[in-house]
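At position 9 of the sequence shown the residue is numbered 14 (the numbering used here), and the sequence of numbers has no breaks.
Just so it is clear, CB atoms sit at the ideal spot from N, CA and C, and this is done for glycine as well.
This one's a predicted model, so the numbers in the text were calculated from it and none came from an experiment.
Encoded as structure tokens, the structure appears first; notes follow it.
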Amino acid sequence: MGNAAAAQRMSAAEYLAWERAQVAKHEYHLGEIFAMAGGSPRHNFLASAMVAELRAAVRGKPCHVLSSDQRISAKQGERYVYADAVVACGGVRLEPGTGDVLANPSVVVEVLSPSTEAYDRGQKWEAYQRIPSLTDYLLVSQGSVRVEHYQREADDSWRYRVIEAGGAVTL
6 MGNAAAAQRM SAAEYLAWER AQVAKHEYHL GEIFAMAGGS PRHNFLASAM VAELRAAVRG
66 KPCHVLSSDQ RISAKQGERY VYADAVVACG GVRLEPGTGD VLANPSVVVE VLSPSTEAYD
126 RGQKWEAYQR IPSLTDYLLV SQGSVRVEHY QREADDSWRY RVIEAGGAVT L
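In structure tokens, the structure reads:
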């Protein structure tokens, strides 16, 4: 997670209004604001490649691929986050009263960085698991050809697979 960006605590409504006026992105967790670090060229290349691959994968399906600028509601009024790429299927549903916060991510992609890997695997993953619409969570390595894929099962458990060079992710 990034560094705390504001000394004072904010309500979710205050955060959303404040965040819309910011140049840089910030995540929100129970009143605390955290600045998001900019990505390296490799990070940005991988995130862009994932967006392109996801677009190809959902072509002809009722799904939309969104970039890292899309704010996601991990829990209404409590947690707002950004991913490197996100897919929403069955139409884009926004959190009521916000006009710009995605409420129904189906697939979330995080490109792992040294500064965010623990957060992406820990607190952020815990938050994502609570989103009812989420079916797939992908962690993309920058250091090797490796994608970790968590896929929600019918019983609400998560199946974990590692895909390496030559493998394919099935959503």
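**Prompt:** To which residues of the same chain is R166 closer than 7 Å at the C-beta, ignoring the five residues directly before and after it?
**Reply:** Closer than 7 Å at Cβ, skipping near neighbours: H154.
**Prompt:** Which whole-angstrom value describes the C-beta separation of V150 and A132, a residue pair presumed to lie in contact below a C-beta threshold of 8 Å?
**Reply:** V150 to A132, Cβ: 27 Å. No contact.
**Message:** Between A42, I38, V92, Q75, which has its C-alpha nearest V63's C-alpha?
**Reply:** V92
**Item:** V174 in three-state terms, based on DSSP
**Value:** coil
**Option nearest V112 by Cα separation, candidates G43, Q75, R25** = Ranking G43, Q75, R25 by CA distance to the CA of V112 puts Q75 first.
**Asked** L144 and D125: beta carbons closer than 8 Å?
**Response** yes
**Prompt:** Would you report the Cα separation of A123 and G148, rounded to the nearest angstrom?
**Reply:** Distance from the CA atom of A123 to the CA atom of G148, rounded to whole angstroms, is 15 Å.
**Prompt:** According to the neighbour-count rule (16 or more other Cβ atoms, all chains shown, within 10 Å of its Cβ), is P110 buried or exposed?
**Reply:** By the 10 Å Cβ count, P110 comes out buried.
**Asked** Which residue's Cα is closest to the Cα of G104: V114, S138, I77?
**Response** I77
**Asked** Can you check whether the CB of A79 is closer than 8 Å to the CB of Y85?
**Response** With respect to the 8 Å criterion, Y85 and A79 are classified as neighbours on the basis of their beta carbons.
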